[in-house]
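Notes for the one structure printed next.
Chains as they are written, first to last, in the working numbering: chain P, 1 to 89; chain U, 1001 to 1238.
Listed below in structure tokens is the structure:
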């Protein structure tokens, strides 16, 4: 399997959240993301900082959901990748 | 400031000046449409290549703004060359600073465009861009200080050699890839840079390219429109 680039990893993390009815706990998200714990923490913090995802408190549990910006990223992902490829960026 | 100058009025209303304004306006609008049209893609991806690509077109727009301002100054003072304007009749700052800024932003537009395709090859280090800023500063300062046609030509040939080298290196890298079908893009990058360099020569040594001026204007507009079309086609409706 080819090494994923940063954009692909972000897309994969957001897709996992989306495909779990937009609510998933951090442990299964880490497992399904298929990256190391250290890298997952980096990506997680970055996605929170960029407001792609948010932590939601449900009773005693904390789950992760996509924000509108996160949905927008998934919607535009193909356009971004095509643009980068087209202009050799 | 000079008092009423009939020659200025004649030059100002001549079709040449109108063509200059329309020409610059078309290129500035195309560049800004590319810059703002790719804003969302950059905000979502924070991709460095998209960032440098956008910066290139912002700098193209600023460079062409200063170009049209230089043309206005030339018409206003009925001068042929910007450096011919005597410092006595006008604050030397205006013509010299405008020329400096035009050279600086033109060089940086070319460097950003090249950097957008080469940043990965250069290990993604954003420090190299400071070297380009320094190089653009040296190029601009040498133009202001030298007042020599040979140095003007030398600087522009040097710029074009950098463009050729980077485009050729990128082209070779693309050819190694399994789906190397984007070669026409490098032709567009090459032409964008080439025609900007011709525009710089047109400002520095107006008599050098006078008979080709209209051709340069039309070709430059066509290239910018092609680039805008490619960008809009890929970014789609926002």
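Just so it is clear, CB atoms sit at the ideal spot from N, CA and C, and this is done for glycine as well. For clarity, every value in this text was computed on a predicted model and none was experimentally measured.
At a cut of 8 Å, does the segment 1054-1071 of chain U reach the segment 1139-1158 of chain U through at least three beta carbon pairs?
no
Three-state secondary structure assigned by DSSP to residue 62 of chain P
Position 62 of the first chain, counted from the start, is the residue given in the question as residue 62 of chain P. Note: residue 62 of chain P maps to strand in three-state DSSP.
Between residue 1203 of chain U and residue 43 of chain P, what straight-line distance do the alpha-carbon atoms span, to the nearest angstrom?
Looking up residue 1203 of chain U in the second chain gives position 203. Looking up residue 43 of chain P in the first chain gives position 43. Spanning the two alpha carbons is a distance of roughly 49 Å.
Going straight from the alpha carbon of residue 1052 of chain U to that of residue 1027 of chain U, what length do you get?
Stepping through the second chain from its first residue, residue 1052 of chain U is reached at position 52. Stepping through the second chain from its first residue, residue 1027 of chain U is reached at position 27. Approximately 19 Å, taken between the alpha carbons.
Count the other CB atoms, across all protein chains shown, that sit within 10 Å of the CB of residue 1018 of chain U; report buried if there are 16 or more and exposed otherwise.
Position 18 of the second chain, counted from the start, is the residue given in the question as residue 1018 of chain U. That one is exposed.
Given this structure, state the Cα-to-Cα distance separating residue 1163 of chain U from residue 1116 of chain U, to the nearest angstrom.
What you label residue 1163 of chain U is simply residue 163 of the second chain in a count that begins at 1. What you label residue 1116 of chain U is simply residue 116 of the second chain in a count that begins at 1. Rounded to whole angstroms, residue 1163 of chain U to residue 1116 of chain U spans 13 Å at the Cα level.
Note down the Cα distance separating residue 1082 of chain U from residue 1103 of chain U, rounded to an integer number of angstroms.
In the second chain, the residue the question calls residue 1082 of chain U occupies position 82. In the second chain, the residue the question calls residue 1103 of chain U occupies position 103. In this structure, the alpha-carbon of residue 1082 of chain U lies about 13 Å from that of residue 1103 of chain U.
Taking just the CA atoms, how far does residue 1032 of chain U sit from residue 1224 of chain U?
The sequence position of residue 1224 of chain U within the second chain is 224, counting from 1. The sequence position of residue 1032 of chain U within the second chain is 32, counting from 1. Their backbone Cα atoms lie some 11 Å apart in a straight line.
Please report how far the alpha carbon of residue 1063 of chain U lies from the alpha carbon of residue 1131 of chain U, in whole angstroms.
As a position in the second chain, residue 1063 of chain U is number 63, starting the count at 1. As a position in the second chain, residue 1131 of chain U is number 131, starting the count at 1. Cα to Cα, the separation comes out at about 19 Å.
Assign residue 22 of chain P to one of three DSSP states: helix, strand, or coil.
Stepping through the first chain from its first residue, residue 22 of chain P is reached at position 22. DSSP places residue 22 of chain P in coil when its eight states are reduced to three.
For the segment 1044-1075 of chain U, which residues have a CB atom closer than 7 Å to at least one CB atom of chain P, in sequence order?
1044, 1045, 1047, 1049, 1050 and 1053
Provide the residue(s) that pair with residue 1156 of chain U in DSSP beta bridges, ordered along the chain.
Translated into the one-based positions of the second chain, residue 1156 of chain U becomes position 156. According to DSSP, residue 1156 of chain U bridges with nothing at all.
Just by C-beta distance, which residues in the segment 46-76 of chain P are closer than 8 Å to chain U?
50, 69, 72, 73 and 76
Less than 8 Å between the beta carbons of residue 130 of chain P and residue 63 of chain P, yes or no?
Since the displayed chain P opens at 1 and closes at 89, residue 130 of chain P lies outside it and no answer follows.
Report the partner residues of residue 56 of chain P according to the DSSP bridge assignment.
Taking the first chain and counting its residues from 1, the one referred to as residue 56 of chain P is at position 56. Paired residues: P/63.
For residue 1199 of chain U, count the other beta carbons within 10 Å of its own beta carbon; 16 or more makes it buried, fewer makes it exposed. Which is it?
One-based indexing of the second chain puts residue 1199 of chain U at position 199. Around the CB of residue 1199 of chain U, 16 or more other CB atoms lie within 10 Å, so the residue is classed as buried.
Member of U/1212, U/1235, U/1195 and U/1217 whose CA lies at the smallest distance from the CA of residue 1157 of chain U:
The residue you call residue 1157 of chain U lines up with position 157 of the second chain. Cα-wise, what sits closest to residue 1157 of chain U is U/1195.
Boundaries (first-last residue) of the alpha helix (DSSP H) holding residue 1234 of chain U:
In the second chain, counting from the first residue as 1, residue 1234 of chain U sits at position 234. It spans 1213-1235 - the alpha helix (DSSP H) in which residue 1234 of chain U sits, taken as one unbroken run.
Quick one: which chain P residues come within Cβ less than 9 Å of residue 1174 of chain U?
The sequence position of residue 1174 of chain U within the second chain is 174, counting from 1. Those within 9 Å of residue 1174 of chain U in chain P are 88.
Quick one, are the C-beta atoms of residue 1122 of chain U and residue 1049 of chain U less than 8 Å apart?
Position 122 of the second chain, counting from 1, holds the residue named residue 1122 of chain U. Position 49 of the second chain, counting from 1, holds the residue named residue 1049 of chain U. If you check the CB distance, residue 1122 of chain U and residue 1049 of chain U do not come in under 8 Å.
Quick one: grab the DSSP three-state call for residue 1169 of chain U.
The count along the second chain starts at 1 and reaches residue 1169 of chain U at position 169. Here residue 1169 of chain U sits in helix by DSSP.
At 9 Å on the CB atoms, spell out the chain P contacts of residue 1121 of chain U, in chain order.
Counted from its first residue, the second chain places residue 1121 of chain U at position 121. None at all; the shortest Cβ gap to chain P is about 11 Å.
Distance between residue 33 of chain P and residue 40 of chain P (C-alpha atoms, nearest Å):
Reading the first chain from its first residue, position 40 is the one you call residue 40 of chain P. Reading the first chain from its first residue, position 33 is the one you call residue 33 of chain P. Going from the Cα of residue 40 of chain P to the Cα of residue 33 of chain P covers about 8 Å.
Going by Cα to Cα distance, which pick from P/75, P/26 and P/71 is closest to residue 45 of chain P?
Taking the first residue of the first chain as position 1, residue 45 of chain P is located at position 45. Of the listed residues, the one whose Cα sits closest to residue 45 of chain P is P/26.
Is residue 84 of chain P close to chain U, meaning its C-beta is less than 8 Å from at least one C-beta of that chain?
As a position in the first chain, residue 84 of chain P is number 84, starting the count at 1. So yes, residue 84 of chain P belongs to the interface.
Taking just the CA atoms, how far does residue 55 of chain P sit from residue 1136 of chain U?
The residue labelled residue 1136 of chain U in the question sits at position 136 within the second chain. The residue labelled residue 55 of chain P in the question sits at position 55 within the first chain. Each residue's Cα considered, the two are about 46 Å apart.
For residue 1039 of chain U, which option in U/1058, U/1016, U/1126 and U/1222 has the closest C-alpha, if you only look at C-alpha atoms?
As a position in the second chain, residue 1039 of chain U is number 39, starting the count at 1. Minimum Cα distance to residue 1039 of chain U is reached at U/1058.
Select from U/1171, U/1097, U/1227 and U/1218 the residue whose C-alpha is nearest the C-alpha of residue 1024 of chain U.
Walking along the second chain from the start, residue 1024 of chain U turns up at place 24. Closest in C-alpha terms to residue 1024 of chain U, from the list U/1171, U/1097, U/1227 and U/1218, comes U/1218.
CA-to-CA distance, residue 89 of chain P to residue 1126 of chain U, given in whole angstroms
In the second chain, counting from the first residue as 1, residue 1126 of chain U sits at position 126. In the first chain, counting from the first residue as 1, residue 89 of chain P sits at position 89. Going from the Cα of residue 1126 of chain U to the Cα of residue 89 of chain P covers about 14 Å.
Among the residues of its own chain, which have a CB less than 6 Å from the CB of residue 1171 of chain U, if the five just before and after it don't count?
Walking along the second chain from the start, residue 1171 of chain U turns up at place 171. Once the five neighbours on either side are set aside, the close Cβ partners of residue 1171 of chain U are 1186.
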